[in-house]
Structures are given as C-alpha cells and as structure tokens.
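**Student:**
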Amino acid sequence: MLTTWLTERFELSVPVVSAPMAGVSGGELAGAVSAAGGLGMIGFAGGRAEDLRHEASLAKAAGRPFGIGLLAWVLDFQPELLDVALECGPALVSVSFGSYAPYVERVKAAGALFATQAGTVGDARAALVLGADLIVARGGEGGGHGRDAVGTLPLLQGVLDAVDVPVLAAGGVGTARGLAAVLAAGAAGAWVGTAFVSCPEATNTPAARAAVIAATELDTIYTRVLDLGRGVPWPEDFGGRALRNAFAERWHGREAELAAAGERTDEPVVWAGQSAGLVHAERPAAEVLRDFAGAEELLLAVLSRSR
Ligand SMILES: Cc1cc2nc3c(=O)[nH]c(=O)nc-3n(C[C@H](O)[C@H](O)[C@H](O)COP(=O)(O)O)c2cc1C
0 MLTTWLTERF
10 ELSVPVVSAP
20 MAGVSGGELA
30 GAVSAAGGLG
40 MIGFAGGRAE
50 DLRHEASLAK
60 AAGRPFGIGL
70 LAWVLDFQPE
80 LLDVALECGP
90 ALVSVSFGSY
100 APYVERVKAA
110 GALFATQAGT
120 VGDARAALVL
130 GADLIVARGG
140 EGGGHGRDAV
150 GTLPLLQGVL
160 DAVDVPVLAA
170 GGVGTARGLA
180 AVLAAGAAGA
190 WVGTAFVSCP
200 EATNTPAARA
210 AVIAATELDT
220 IYTRVLDLGR
230 GVPWPEDFGG
240 RALRNAFAER
250 WHGREAELAA
260 AGERTDEPVV
270 WAGQSAGLVH
280 AERPAAEVLR
290 DFAGAEELLL
300 AVLSRSR
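So in numbering that gives the first Met the number 0, spot 165 of the sequence shown is number 164, and the numbers just go up one at a time.
1) Which word fits Thr-219, buried or exposed, when buried means at least 16 other C-beta atoms lie within 10 angstroms of its C-beta?
2) With 16 other CB atoms within 10 Å as the buried threshold, where does Asp-147 fall?
3) Would you identify the three-state DSSP class for Tyr-102, choosing helix, strand or coil?
4) Compute the beta-carbon to beta-carbon distance between Thr-202 and Val-23, rounded to the nearest angstrom, for a pair I have assumed lies under 8 Å.
5) With burial defined as no fewer than 16 other Cβ atoms inside 10 Å of the residue's Cβ, what is the status of Phe-76: buried or exposed?
6) Look up Ala-61 in the DSSP assignment and say whether it is helix, strand or coil.
7) Mapping the DSSP letters down to three states, classify Phe-43 as helix, strand or coil.
8) Less than 8 Å separating the beta-carbons of Ala-294 and Ala-175?
9) Just to confirm my understanding: we take Arg-208, look at its own chain, exclude 5 residues before and 5 after, and list those with CB closer than 6 Å. What are they?
10) Residues in the same chain with beta-carbon distance under 6 Å from Gly-142, minus the five sequence neighbours each way, listed in chain order, please.
11) Could you work out which residue in Ser-17, Glu-7, Val-158, Ser-12 is closest to Asp-122 when comparing CA atoms only?
12) Measuring only the C-alpha atoms, how far is Ala-285 from Pro-89?
13) Of all the options Leu-74, Asp-236, Met-40, Phe-195, which has the alpha carbon lying nearest to the alpha carbon of Leu-288?
14) Under the three-state reduction of DSSP, which class applies to Thr-264: helix, strand or coil?
15) Less than 8 Å between the C-beta atoms of Gly-276 and Glu-216, yes or no?
16) Using CA atoms only, rank isn't needed, just tell me which of Ala-255, Ser-274, Phe-246 is closest to Arg-263.
17) For Val-32, would you say it is in contact with chain B, using Cβ-to-Cβ distances shorter than 8 Å as the test?
18) If we count the other Cβ atoms within 10 Å of its Cβ and call it buried at 16 or more, is Leu-299 buried or exposed?
19) Contact defined as beta carbons within less than 8 Å: I believe Val-128 pairs with Gly-139. What is the distance between those atoms, to the nearest angstrom?
20) Taking the alpha-carbon positions, what's the Leu-81 to Ala-109 distance?
21) Apart from the five residues just before and just after Ser-56, which ones in its own chain have a Cβ nearer than 7 Å to its Cβ?
22) How do the stretch 33–45 and the stretch 0–13 stand: do at least 3 beta-carbon pairs fall below 8 Å, yes or no?
23) Need the endpoints of the beta strand (DSSP E) that Arg-289 sits in, please.
24) Which residues bound the alpha helix (DSSP H) around Val-301?
25) Just reading off the beta strand (DSSP E) that Gly-188 is part of, what are its end residues?
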C-alpha cells in the first residue's frame with residue numbers, strides 16, 4: 000500500500016482526494032470515495048445552508064473522514080456557510096479562489112485541516128504564510144475554475160521547492176500513471192476532479208457524464224465567457240475549463256464585446272479538464288479509485304528496472 004502524509008493523516012488506502020466540484024460532488028460521491036479508501040470532498044458553491052447539511056449527512060453515512068470545499072469569493076457574500084460547513088464535522092476544508100485569509104484560523108480552531116488551491120508558486124507561498132496545512136498545486140489543465148497560467152507539472156515542481164507543508168497535485172491527474180508521476184515528484188497525493196465527473200454517484204446529469212466520456216483531450220476550453228454569459232460573478236482572475244460548447248466557441252476571445260452586448264446563455268456547461276480524454280465509461284467511484292491504486296505497481300516497476 001502506498002503511504003504518504005495524506006494516507007497517514009486521514010487513514011486512506013489510496014493517496015487521492017476527490018476534488019470539491021459544485022453541482023457534481025455531493026455527499027453521495029464524497030461518501031463513496033471515502034468508503035473506498037480515498038478522501039471524498041463535497042463541493043458547495045453557495046445557496047441554502049440546509050442543502051449543505053443534507054449533502055454532509057450523506058457523506059457522513061460512509062463513516063469515514065470527508066471534506067468540504069468552499070469558494071472564497073462566495074463566502075464574501077455568504078460568510079455563514081463556513082460555520083455551517085464546520086458544524087458538519089469535515090476533516091478537511093478547502094477555501095479557494097479569492098481572499099481566504101479570514102477563514103484559515105476558524106477552520107483550524109474547529110479541528111479541521113485547511114487547504115487551498117494555488118495556481119502559481121506565488122499563490123502557494125502566500126498560502127504558507129497564511130497558515131494553510133495543505134496546499135493544492137492546481138495546474139491550468141484542470142477542470143472547473145482556477146488559473147490557466149501554469150501547467151500542473153512545472154507548477155508542482157515549483158511549489159514543492161517553495162513550501163514545507165504537504166502538497167497535492169491537481170489538474171490532469173486522471174489515471175494511475177498520473178498519480179505515480181506526481182507521487183514520484185514528491186506530492187503527498189493527487190486532488191482529482193474530472194476523473195470522478197462520470198461516476199453514477201455524482202449529482203450532475205447523465206448527459207453531462209456521457210459528454211465527458213465522449214470527449215477527447217482536445218475538447219475543453221479555458222474561458223471566462225461561460226460565466227459572463229450566465230451572469231455568474233466569478234473574480235476576473237479565475238476563468239474555468241469546460242467542454243467546448245457553441246456559446247464558448249462564439250464568444251471566447253471577445254469578452255469585452257460580450258460584456259457590452261450583454262448576451263446571455265442557458266446552454267448547459269459541462270466543466271471538465273483535459274483528462275476528460277482519459278474517462279471512457281461511467282464507473283462507480285470505488286472502481287475509479289481502485290485504478291488509481293495501480294500507481295503503486297507502476298512505481299515499483301520503475302524501481303525494479305533501475306536496479
Ligand atoms: C465539474 C467541476 C466542478 C468544480 N467545482 C469546484 C468547486 O466548487 N470548488 C473548488 O474549489 N474547485 C472546483 N473545481 C476544481 C477542482 O477542485 C480541481 O481543481 C480540478 O478538478 C482538478 O483538475 P482535474 O479536473 O483535471 O482533475 C471543479 C472542477 C470540476 C471539474
């Protein structure tokens with residue numbers, strides 16, 4: 000069994016955290032990942048406190064540690080969500096994308112570990128200064144929102160050199176090969192979103208799961224126009240990576256024109272990263288996790304070849 004800081008801290012059998020994914024990773028997916036030996040996270044973008052409590056109760060039913068991921072810029076408007084999250088008893092809380100400084104000590108005081116997603120080495124250094132227990136080096140190939148500035152591999156190397164707290168790699172880790180690569184580099188594990196998007200335990204639609212399965216690694220786009228077109232006030236620094244759709248094809252690169260035209264879209268958006276090209280079937284979370292466990296054999300094979 001692979002042993003890292005992550006597996007020891009949360010008693011996991013596979014060094015994988017399923018990423019918080021609002022609209023996709025509810026309590027059922029998080030609980031299924033935790034039950035299978037990873038650390039499952041609930042993603043909550045904002046909304047009713049009772050919905051977050053409900054999702055947490057589903058995750059808790061697995062009887063294993065789980066996490067909750069919140070958005071810093073949403074907490075600016077809905078600060079009470081952090082209290083609700085902490086009352087649910089998560090082992091790990093992530094607050095990403097915006098000014099999360101006010102929340103770090105509150106999370107720790109409640110007995111949870113604090114994590115945040117960093118898109119540059121500078122982001123990671125700031126997280127260290129602000130007291131993050133765990134830093135997620137999230138490269139631009141990842142699904143959903145974040146920075147597009149740096150790819151996962153150069154970011155991970157830079158962050159590992161820059162900080163002395165555990166680091167997880169995120170963005171494009173879709174199979175055991177990717178997990179083996181980031182573990183070999185020195186990450187304590189991977190923070191994986193897209194590879195879990197097509198699990199039946201997810202709260203997205205069957206059509207979204209099928210679209211990710213059909214997609215190749217070329218079918219995503221990093222853009223701000225999907226948020227502009229839906230009127231979602233994400234901070235400018237954070238675009239999102241999704242499967243290409245007609246609205247994105249039409250407006251990407253013409254953001255100012257779009258803002259002036261005020262055109263809106265209700266075309267469905269399927270947030271997903273480049274590792275969509277590695278998702279080939281709808282599979283239960285436990286199966287996806289079992290595949291990730293194959294990283295151990297890959298690493299052993301490398302060692303045995305070099306002896
Ligand atoms: C569908 C989807 C929704 C996401 N929603 C959130 C979210 O609510 N909060 C968050 O911190 N990150 C969110 N992310 C980003 C993930 O936490 C993570 O950075 C990303 O999935 C990692 O890259 P990968 O998709 O290549 O595995 C989302 C990602 C996806 C694919």
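Each residue gets a CB set at the ideal place from its N, CA and C atoms; glycine is no exception. Computed from a predicted model, the values in this text were never measured in an experiment.
**Tutor:** Walking through what the data contain:
1) buried
2) buried
3) helix
4) 6 Å
5) exposed
6) coil
7) coil
8) yes
9) Ser-197, Glu-281
10) Gly-192, Thr-193, Arg-240, Trp-270, Ala-271, Gly-272
11) Val-158
12) 20 Å
13) Phe-195
14) coil
15) yes
16) Phe-246
17) Going by chain labels, chain B is absent from the structure shown, which holds only one protein chain.
18) exposed
19) Their Cβ separation, rounded to whole angstroms, is 24 Å, which puts Val-128 and Gly-139 out of contact at 8 Å.
20) 11 Å
21) Gly-26
22) yes
23) Where Arg-289 is concerned, there is no enclosing beta strand (DSSP E), although the alpha helix (DSSP H) it sits in stretches over 284–291.
24) 294–305
25) 188–191
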